[in-house]
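For reference, the structure is listed below as structure tokens.
Residue numbers (this note's numbering): 318 to 831.
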């Protein structure tokens with residue numbers, strides 16, 4: 318058995334080299350996160366141009382998610398085996414090549430194949446960029462590094478639908494993937510040029526094929542459940558039931574194997590750290606609520622409030638702008654404040670934003686729509702910085718890639734759960750709200766509304782359709798504000814989890830006696 322790498326980090330970068338490398342790493346993260354959401358709004362266009370049904374086009378999203386979900390937890394092993402710098406740079410280079418292949422795909426099967434490749438090679442990009450940013454910055458500027466990383470991770474999902482809608486409306490859908498090519502080439506060249514002489518120690522450890530096979534099995538089946546469950550009506554479908562049982566059995570078998578394996582693929586011993594365990598739990602649950610609502614908001618605006626894709630995306634834009642503006646100031650503040658305090662403030666601001674959105678009315682205008690998003694931006698500016706600082710308090714330098722890969726895998730999986738459950742819960746809340754409206758509103762009131770519409774020149778069918786549409790709009794509004802209100806409560810309930818962690822400072826100071 319090979320020995321673990323020494324408990325040291327390569328020397329931090331300085332000056333212009335540090336700034337340029339940080340920008341390149343941030344762009345790598347931004348590109349990968351953006352690509353996981355940018356194609357969503359373009360699916361109808363892609364399906365139409367390739368001559369397939371819309372439900373077949375969803376495999377463009379599912380294939381990427383499944384492959385990426387499998388590859389992310391392997392990051393720790395890959396970086397220990399080949400080095401952090403080499404693994405990240407090769408991942409970005411292959412991602413760029415896969416993006417080019419997606420852009421020249423000639424039919425749906427070829428596009429799905431290239432999306433599988435894109436998802437598989439992109440696994441190390443997010444945890445790799447996070448680990449490298451921490452490594453190239455000195456400890457007293459680590460909060461700045463985390464601030465740079467958090468900006469790209471949180472802003473990219475907001476910009477994805479906007480950019481995807483704009484490109485699909487004004488250009489060819491292929492450019493959704495081709496725009497990655499120049500960015501990827503620049504990122505690859507800069508990172509290799511400035512960091513190839515700062516490679517981390519490696520360990521010649523073979524990949525445990527049984528552990529890897531079990532990981533591929535349970536993560537792949539779980540992602541299929543999450544990505545296809547809604548369209549299959551969840552557990553009413555025998556296929557979803559079978560896949561869920563397979564995922565559960567595979568996870569238990571993998572967990573037992575990993576806990577008893579001397580050279581595990583995923584280092585689960587990291588959860589022995591109190592900060593890592595509770596920090597990752599809080600990070601995942603809060604991110605799931607954020608991600609689910611981030612998907613729900615534009616969907617509600619487009620389907621019920623008459624917004625086009627671009628304006629629905631712009632309604633969320635203030636959160637990204639505020640986050641970018643405030644993050645540098647928060648990074649400086651985090652060197653002087655306990656990360657638990659910043660994390661608590663972040664969660665409370667998230668809760669306030671959700672509560673403000675739960676007060677939306679049927680005639681809410683664009684100005685009132687975006688006010689809560691400014692509060693959301695303030696929460697985003699300190700969320701990742703504080704959460705990662707807390708989680709990585711006890712992580713040794715040589716464990717950083719494994720810890721980053723594991724925490725990001727948990728976060729991405731939580732986001733997948735949220736994405737799958739958000740619209741399902743929304744539809745069920747709407748059905749319940751519609752039933753409540755039917756019970757509350759007298760039948761003669763509905764008849765009068767239909768008669769008034771017919772008096773305006775509509776046919777009976779048209780009048781019934783108009784009234785039905787109004788009832789559905791009211792029902793979806795009630796469902797939306799109910800989810801916002803529940804989200805606010807969930808976030809507040811996460812605050813005590815933060816205080817189960819030990820005191821941590823972003824500048825690297827820890828307090829073991831706390």
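Backbone N, C-alpha and C fix where the C-beta goes; we use that ideal spot for every residue, glycine too.
In its own chain, which residues sit with a C-beta less than 7 Å from the C-beta of residue i, not counting the 5 before and 5 after it?
| i | result |
| --- | --- |
| residue 507 | 337, 338, 341 |
| residue 464 | 644, 645, 647, 648, 702 |
| residue 318 | Because the pLDDT of residue 318 is 41, which lies under 50, any placement of that residue in the model is unreliable, and the question is left without a value. |
| residue 498 | 413, 416, 417 |
| residue 574 | 527, 528, 531 |
| residue 663 | 696, 699, 700, 703 |
| residue 369 | 425 |
| residue 635 | 687, 690, 691, 694 |
| residue 537 | 383, 387 |
Would you decide whether residue i is buried or exposed? Buried here means 16 or more other CB atoms lie within 10 Å of its CB.
| i | result |
| --- | --- |
| residue 678 | exposed |
| residue 688 | exposed |
| residue 333 | exposed |
| residue 462 | buried |
| residue 706 | buried |
| residue 810 | exposed |
| residue 385 | buried |
| residue 458 | buried |
| residue 576 | exposed |
| residue 680 | exposed |
| residue 548 | exposed |
| residue 816 | exposed |
| residue 330 | buried |
| residue 524 | exposed |
| residue 521 | exposed |
| residue 718 | buried |
| residue 552 | exposed |
| residue 467 | buried |
| residue 683 | exposed |
| residue 655 | buried |
Residues in its own chain within less than 6 Å of residue i by CB, not counting five upstream and five downstream?
| i | result |
| --- | --- |
| residue 608 | 732, 735 |
| residue 411 | 438 |
| residue 495 | 420 |
| residue 568 | 535 |
| residue 433 | 380, 384 |
| residue 345 | 409, 442, 446, 504 |
| residue 831 | Annotation note: pLDDT 45 at residue 831 (below 50); position unreliable, no value reported. |
Which value, in whole angstroms, describes the spacing of the CA atoms of residue i and residue j?
| i | j | result |
| --- | --- | --- |
| residue 387 | residue 353 | 15 Å |
| residue 715 | residue 394 | 12 Å |
| residue 571 | residue 729 | 19 Å |
| residue 670 | residue 792 | 22 Å |
| residue 493 | residue 484 | 7 Å |
| residue 657 | residue 590 | 16 Å |
| residue 624 | residue 741 | 21 Å |
| residue 487 | residue 380 | 26 Å |
| residue 744 | residue 592 | 37 Å |
| residue 832 | residue 620 | It is not possible to answer for residue 832, since the shown part of the chain is limited to 318 through 831. |
| residue 631 | residue 566 | 43 Å |
| residue 363 | residue 477 | 16 Å |
| residue 612 | residue 543 | 15 Å |
| residue 788 | residue 797 | 14 Å |
| residue 321 | residue 443 | Here the model assigns residue 321 a pLDDT of 45, short of 50, so the residue's position is not dependable, and the following value carries that caveat. Looking at the two C-alpha atoms, the distance is approximately 23 Å. |
| residue 808 | residue 540 | 25 Å |
| residue 805 | residue 668 | 4 Å |
| residue 445 | residue 596 | 19 Å |
| residue 642 | residue 460 | 15 Å |
| residue 390 | residue 343 | 20 Å |
| residue 723 | residue 584 | 8 Å |
Looking at the secondary structure, which residues open and close the alpha helix (DSSP H) in which residue i lies?
| i | result |
| --- | --- |
| residue 575 | 555-576 |
| residue 377 | 376-388 |
| residue 336 | 332-354 |
| residue 451 | 442-453 |
| residue 818 | Neither: residue 818 is in no alpha helix (DSSP H) and is coded neither H nor E. |
| residue 431 | 425-438 |
| residue 582 | Where residue 582 is concerned, there is no enclosing alpha helix (DSSP H), given that its DSSP letter is neither H nor E. |
| residue 605 | 591-621 |
| residue 415 | 401-420 |
Under 8 Å Cβ to Cβ from residue i, same chain only, skipping five residues before and after it: list those, please.
| i | result |
| --- | --- |
| residue 712 | 587, 590, 593, 720 |
| residue 802 | 671, 672, 675 |
Against chain B, does residue i count as a neighbour if the rule is that its beta carbon must be under 8 Å from one of theirs?
| i | result |
| --- | --- |
| residue 462 | As a matter of chain content, chain B is missing from the structure shown, which is built from one protein chain. |
Mind pulling the alpha helix (DSSP H) runs of 4 or more residues that sit fully within the region 459-533?
459-487, 492-495, 497-512
Please give me, in chain order, every unbroken run of the alpha helix (DSSP H) with length at least 4 that falls completely inside the region 635-721.
656-674, 683-708
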